[in-house]
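Trainee: So the sequence shown is numbered by this note's numbering: it starts at 94 and just counts up by one.
Every residue, glycine too, gets a C-beta built ideally from N, C-alpha and C.
Since this is a predicted model, take the numbers as computed values, not measurements.
One structure, as structure tokens, below. Some questions next.
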Amino acid sequence: MKGNQLTCLEEKLHQFWKQNCWICKNSGASISVDNKFVHFGCAKKHGYKMNRHLLSVQS
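And the structure:
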């Protein structure tokens, strides 16, 4: 992110579609937690806490 602009968005979208979720093992995981990728729904079901102000997730 640069200012209020998302940089390299197209590149990042392609990268995330290839990531497998650490929880369900399906592709398309876009949230990084503890050097692993998860889907938002999977993280929520397993009690991960999202900080919407910092756009970060804690296990």
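DSSP on GLN98, reduced to helix/strand/coil?
Mentor: Mapped onto the sequence shown, residue 98 falls at position 5. Looking at GLN98 - three-state DSSP - the assignment turns out to be strand.
Trainee: Alpha carbons only, please: which of LYS138, ASN119, GLN112 and LYS137 is nearest the one belonging to ASN128?
Mentor: To locate residue 128, count along the sequence shown from 1; it is residue 35. Considering only alpha carbons, the answer is GLN112.
Trainee: Rounded to the nearest angstrom, what separates GLU103 and TYR141 at their Cα positions?
Mentor: Here residue 103 refers to the residue found at position 10 of the sequence shown. Here residue 141 refers to the residue found at position 48 of the sequence shown. Straight-line Cα distance between these residues: approximately 27 Å.
Trainee: Could you give the distance in angstroms between the alpha-carbon of GLN108 and the alpha-carbon of HIS132?
Mentor: Mapped onto the sequence shown, residue 108 falls at position 15. Mapped onto the sequence shown, residue 132 falls at position 39. Rounded to whole angstroms, GLN108 to HIS132 spans 14 Å at the Cα level.
Trainee: Terminal residues of the continuous beta strand (DSSP E) containing LYS118?
Mentor: For the purposes of this step, residue 118 is taken as residue 25 along the sequence shown, with counting starting at 1. No beta strand (DSSP E) contains LYS118, which DSSP labels as neither H nor E.
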